[in-house]
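Novice:
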Amino acid sequence: MTFYSVLVVGMGKRGMHHATAFNANPRFKVTGICDIDTKRLDDAAAKLGNPEKGTDAAALAKAIKPDIFCFCTMPHLRTPFIEAAINGGAKLIAFEKPVALTSAELLTIRKLMQQAGVKAVVSHQHRYGKHYQKVKEIVASGALGRVHTVYGSATGWMTHMLSHLIDYTCWFNDYTPPTWVMAQASGGTKFSDNHPSPDYIGGFVQFANGVRGTYECGAGAPDQPEVAKWWGKNRIGAQGTEGFAEVLTNGGWRALTKSGGYQAGEGAMNYDLDMPPYIQEMADWLDGKQPHQCNFEHAYLGAELMLAMQRSAAQGGQVSLPLTSGADEQSLLKAKLQGQKVLVSNAQNATEFGLTS
Ligand SMILES: NC(=O)c1ccc[n+]([C@@H]2O[C@H](COP(=O)([O-])OP(=O)(O)OC[C@H]3O[C@@H](n4cnc5c(N)ncnc54)[C@H](O)[C@@H]3O)[C@@H](O)[C@H]2O)c1
0 MTFYSVLVVG MGKRGMHHAT AFNANPRFKV TGICDIDTKR LDDAAAKLGN PEKGTDAAAL
60 AKAIKPDIFC FCTMPHLRTP FIEAAINGGA KLIAFEKPVA LTSAELLTIR KLMQQAGVKA
120 VVSHQHRYGK HYQKVKEIVA SGALGRVHTV YGSATGWMTH MLSHLIDYTC WFNDYTPPTW
180 VMAQASGGTK FSDNHPSPDY IGGFVQFANG VRGTYECGAG APDQPEVAKW WGKNRIGAQG
240 TEGFAEVLTN GGWRALTKSG GYQAGEGAMN YDLDMPPYIQ EMADWLDGKQ PHQCNFEHAY
300 LGAELMLAMQ RSAAQGGQVS LPLTSGADEQ SLLKAKLQGQ KVLVSNAQNA TEFGLTS
């Protein structure tokens with residue numbers, strides 16, 4: 000059987016998840032790995048069958064010409080790796096959320112990939128969890144009646160979590176495009192994090208099919224007492240005229256519908272279970288079968304929405320979508336929130352945001 004060759008850049012937590020899952024699937028082989036940390040690189044090579052190694056992703060891609068260029072680095076690094084992938088002749092680029100920190104970069108990388116005609120996927124892989132699948136199945140079955148609202152909340156901060164919340168609600172709403180967004184944000188301490196974020200952001204979204212989206216992320220978001228793991232306190236769901244269905248990232252799923260009564264089940268986010276199907280769909284797409292569920296155009300809709308929320312929070316008023324020009328929402332929001340103190344929703348959020356003293 001032929002396999003697709005893969006270069007994985009960034010040998011941290013997510014890079015190792017990706018590389019291990021690629022090598023565990025006979026349709027792929029990791030032929031190159033890259034990190035600027037040479038100790039990490041050597042340790043990873045030993046676990047991954049000693050592929051080619053390098054500290055310069057662009058040079059390594061040119062040398063080994065992988066079918067797939069996968070990068071799992073911090074959110075501020077996007078355009079240089081998209082260029083490296085294209086210059087190395089990759090057929091598919093796989094990268095981590097968030098898609099981009101600014102709409103200026105979002106528009107740039109989309110243009111680069113469109114011009115090159117390269118496929119791309121973004122890792123919103125929680126969706127493969129059985130509890131996420133169950134909620135999608137209930138929403139798609141029509142059991143909620145007319146779906147009028149989708150919603151997501153997470154106590155974890157924006158640049159880590161909002162992309163996930165938005166992507167899964169857009170999935171529940173069949174990736175219908177949003178038409179406008181209005182949002183507010185508060186607190187600037189997490190702008191110094193490697194996932195720079197306002198401490199709290201919340202907003203409303205109008206989708207083209209009339210569905211309302213509501214999102215909140217960060218220190219002001221509510222606790223989900225049913226969930227023990229703080230990063231898993233995410234509640235993502237849909238409401239309709241005949242019921243609701245929602246998933247808790249580390250606390251299963253529940254639904255109440257006119258036809259089915261109350262139902263609930265188990266489920267917790269698990270990389271070992273979520274990565275294999277995410278990886279397999281790349282082979283399916285490259286083989287000419289159906290597009291990957293986490294394809295870039297889906298992720299782009301969510302990224303646009305997430306950046307429009309930030310723009311609205313920084314500048315006030317509603318922001319119309321699609322975005323037609325780029326901006327640096329990080330700088331706009333950071334300047335707006337400097338010195339502002341967030342009001343937390345519970346003691347654990349205060350601890351997690353370092354606001355206890
Ligand atoms: N999808 C998910 O569920 C999920 C979960 C956690 C993290 N993430 C995302 O994954 C990304 C990576 O997170 P992580 O936790 O794996 O980070 P990490 O810090 O564990 O790993 C990042 C690695 O990138 C390397 N690196 C930095 N600059 C580089 C460069 N120029 N060239 C090559 N390597 C370079 C670092 O040395 C490090 O080894 C982030 O965007 C994060 O938001 C996604």
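Residues in the sequence shown are numbered consecutively from 0, following numbering that gives the first Met the number 0. Glycine included, each C-beta is placed from N, C-alpha and C at the ideal position.
1) Can you give the beta carbon distance from GLY14 to VAL5, rounded, assuming they're within the 8 Å contact cut?
2) So, helix, strand or coil for GLN124, using DSSP?
3) So GLN337 and GLY231 are in contact, right, with Cβ under 8 Å, and what is the actual spacing, rounded?
4) Hey, is the region 107 to 125 in contact with the region 147 to 154, meaning 3+ C-beta pairs nearer than 8 Å?
5) Quick one: give me the first and last residue of the alpha helix (DSSP H) that ASN22 is part of.
6) Beta carbon of MET308, beta carbon of GLY202: below 8 Å?
7) Can you find the residues in the same chain that come closer than 6 Å, C-beta to C-beta, to GLN205, ignoring five residues on each side of it along the sequence?
8) Give the secondary structure of TYR214 by DSSP, where H, G and I count as helix, E and B as strand, and everything else as coil.
9) Classify LYS33 as helix, strand or coil using the three-state DSSP reduction.
10) Just to confirm, are VAL146 and GLY239 a CB contact at a threshold of 8 Å?
11) Between ALA254 and chain C, is the shortest Cβ-Cβ distance under 8 Å, so that the two count as touching?
12) Between the C-alpha atoms of GLU265 and VAL138, what's the straight-line distance to the nearest angstrom?
13) For GLU296, does the count of other Cβ atoms within 10 angstroms reach 16, so buried, or fall short, so exposed?
14) Could you name the residues of the same chain whose beta carbon sits closer than 6 Å to that of LYS189, not counting the 5 residues immediately before and after it, in chain order?
15) Could you tell me which uninterrupted beta strand (DSSP E) segments, each at least 3 residues in length, are contained entirely in the region 59 to 97, listed from first to last along the chain?
16) On the criterion of 16 or more Cβ atoms from any shown chain inside 10 Å, does ASP34 qualify as buried, or is it exposed?
17) Between which two residues does the alpha helix (DSSP H) holding ARG26 run?
18) Within 10 angstroms of its Cβ, does TYR261 collect 16 or more other Cβ (buried), or is it exposed?
19) Smallest Cα separation from LEU40: which of LEU59, ALA62 and MET10?
20) Straight-line CA distance for LEU331 to SER258?
21) Comparing C-alpha positions only, which one of ALA302, ALA23, ASN233 and LEU255 sits nearest to PHE243?
22) Less than 6 Å between C-beta atoms, sequence neighbours within five positions excluded: which residues of the same chain meet that for GLU51?
23) Can you tell me whether GLY128 is buried or exposed? The criterion is at least 16 other CB atoms within 10 Å of its CB, across all chains shown.
24) How is the alpha helix (DSSP H) around ARG109 delimited, first residue to last?
25) Judging by CA-CA distance, which residue of CYS293, PHE2 and GLY53 is the nearest neighbour of VAL98?
26) Once you ignore the five residues that flank GLY87 on each side, which residues in its own chain have a CB closer than 7 Å to its CB?
27) What is the C-beta distance between TRP229 and THR154, in whole angstroms, given that I count them as a contact (C-beta under 8 Å)?
28) Which residues in the same chain have their Cβ closer than 6 Å to the Cβ of ALA218, if we skip the five residues on either side of it in sequence?
29) Just to check my reading of the structure: LEU306 and PRO176 have Cβ atoms closer than 8 Å, yes? What is that Cβ distance to the nearest angstrom?
30) Under a Cβ-count criterion, where at least 16 other Cβ atoms within 10 Å of its own Cβ denotes burial, should LYS118 be classed as buried or exposed?
31) Could you name the residues that DSSP lists as bridge partners for TRP284?
32) Grouping DSSP H, G and I as helix and E and B as strand, with all else coil, what is LYS52?
33) Measure the beta-carbon distance from SER311 to VAL318 and round it to whole angstroms, keeping in mind my assumption that it falls under 8 Å.
34) What's the call for GLY357, buried or exposed, on a 16-neighbour Cβ count within 10 Å?
35) Within the continuous alpha helix (DSSP H) that includes MET157, where are the two ends?
36) So within the region 266 to 336, which uninterrupted beta strand (DSSP E) runs reach at least 3 residues, ignoring any that extend past its ends?
Specialist: This is what the structure holds:
1) By one-based count along the sequence shown, residue 14 stands at place 15. By one-based count along the sequence shown, residue 5 stands at place 6. The C-beta distance from GLY14 to VAL5 rounds to 11 Å, too long to fall under 8 Å, and the pair is not in contact.
2) Residue 124 sits at position 125 when you count from the first residue of the sequence shown. Three-state result, GLN124: helix.
3) On the sequence shown, residue 337 is found 338 positions in, with the first residue counted as 1. On the sequence shown, residue 231 is found 232 positions in, with the first residue counted as 1. Contact between GLN337 and GLY231 is absent: CB atoms are separated by about 31 Å, not below the 8 Å threshold.
4) A contact between stretches requires three or more CB pairs, one per stretch, nearer than 8 Å, and the region 107 to 125 fails this requirement with the region 147 to 154.
5) As a working note, residue 22 is residue 23 in the sequence shown. For ASN22, the enclosing alpha helix (DSSP H) begins and ends at 12 to 22.
6) In the sequence shown, the residue the question calls residue 308 occupies position 309. In the sequence shown, the residue the question calls residue 202 occupies position 203. Contact: yes.
7) Here the question's residue 205 lines up with position 206 in the sequence shown. If we look at GLN205 and ignore the five residues flanking it on each side, its Cβ neighbours are THR178 and TRP179.
8) Locating residue 214 in the sequence shown gives position 215, counting from the first residue. Correct three-state label for TYR214: strand.
9) Within the sequence shown, residue 33 is the residue found at index 34, counting from 1. The sequence shown places Cys at residue 33, not Lys. The answer is strand: DSSP assigns CYS33 an E or B state.
10) Along the sequence shown, read from residue 1 onward, the residue named residue 146 stands at position 147. Along the sequence shown, read from residue 1 onward, the residue named residue 239 stands at position 240. Cβ distance < 8 Å, so VAL146 and GLY239 count as in contact.
11) In the structure shown, chain C cannot be found, because there is only a single protein chain.
12) Sequence index remark: in the sequence shown, residue 265 carries index 266 (1-based). Sequence index remark: in the sequence shown, residue 138 carries index 139 (1-based). Whole-angstrom Cα-Cα distance: 18 Å.
13) For this step, residue 296 is matched to residue 297 along the sequence shown. Under this definition GLU296 is an exposed residue.
14) Start at 1 with the first residue of the sequence shown, and residue 189 comes out as number 190. Here the set comprises TRP156, SER196 and ASP198.
15) Listed in chain order, they are 67 to 70 and 91 to 94.
16) Your numbering for residue 34 matches position 35 in the sequence shown. By the 16-neighbour rule on beta-carbons within 10 angstroms, ASP34 is buried.
17) Counting from one through the sequence shown, the residue named residue 26 turns up at place 27. According to the DSSP assignment, ARG26 belongs to no alpha helix (DSSP H), since it is labelled neither H nor E.
18) Translated into positions along the sequence shown, residue 261 becomes position 262. Per the 10 Å Cβ criterion, exposed.
19) Taking the first residue of the sequence shown as position 1, residue 40 is located at position 41. Just measuring C-alpha positions, the residue of LEU59, ALA62 and MET10 sitting nearest LEU40 is MET10.
20) The residue given as residue 331 occupies position 332 in the sequence shown. The residue given as residue 258 occupies position 259 in the sequence shown. Approximately 47 Å between the Cα atoms of the pair.
21) Along the sequence shown, one-based indexing puts residue 243 at 244. Of the listed residues, the one whose Cα sits closest to PHE243 is LEU255.
22) The residue you call residue 51 lines up with position 52 of the sequence shown. Sequence-distant partners of GLU51 (beyond 5 residues in either direction) whose C-beta falls short of 6 Å from its own C-beta, in its chain, are GLY31 and ILE63.
23) The residue you call residue 128 lines up with position 129 of the sequence shown. Here GLY128 is buried, its C-beta having at least 16 other C-beta atoms within 10 Å.
24) Your numbering for residue 109 matches position 110 in the sequence shown. Boundaries of the alpha helix (DSSP H) around ARG109: 102 to 115.
25) Along the sequence shown, one-based indexing puts residue 98 at 99. Shortest Cα-Cα distance from VAL98 to any of CYS293, PHE2 and GLY53 involves CYS293.
26) For the purposes of this step, residue 87 is taken as residue 88 along the sequence shown, with counting starting at 1. Closer than 7 Å at Cβ, skipping near neighbours: ALA60, LYS61, LYS64, PRO65 and PHE68.
27) Position 230 of the sequence shown, counting from 1, holds the residue named residue 229. Position 155 of the sequence shown, counting from 1, holds the residue named residue 154. Confirmed, Cβ separation roughly 6 Å.
28) Here the question's residue 218 lines up with position 219 in the sequence shown. Counting only Cβ-Cβ distances below 6 Å, and skipping sequence neighbours, we find ASP198, TYR199, VAL341, VAL343, ASN348 and PHE352.
29) Position 307 of the sequence shown holds residue 306. Position 177 of the sequence shown holds residue 176. No, LEU306 and PRO176 are not in contact; Cβ-Cβ is about 14 Å, not under 8 Å.
30) Locating residue 118 in the sequence shown gives position 119, where the first residue counts as 1. Buried, since its Cβ has 16 or more Cβ neighbours within 10 Å.
31) Position 285 of the sequence shown, counted from the first residue, corresponds to residue 284. Answer is none; TRP284 lacks a bridge partner.
32) Start at 1 with the first residue of the sequence shown, and residue 52 comes out as number 53. Note: LYS52 maps to strand in three-state DSSP.
33) Along the sequence shown, one-based indexing puts residue 311 at 312. Along the sequence shown, one-based indexing puts residue 318 at 319. So it is a contact: roughly 5 Å between Cβ atoms.
34) As displayed, the chain neither begins before 0 nor continues past 356, which places residue 357 out of reach and without an answer.
35) One-based indexing of the sequence shown puts residue 157 at position 158. 157 to 171 is the span of the alpha helix (DSSP H), which, as asked, contains MET157.
36) Listed in chain order, nothing qualifies, since the region 266 to 336 has no complete beta strand (DSSP E) run of 3 or more residues.
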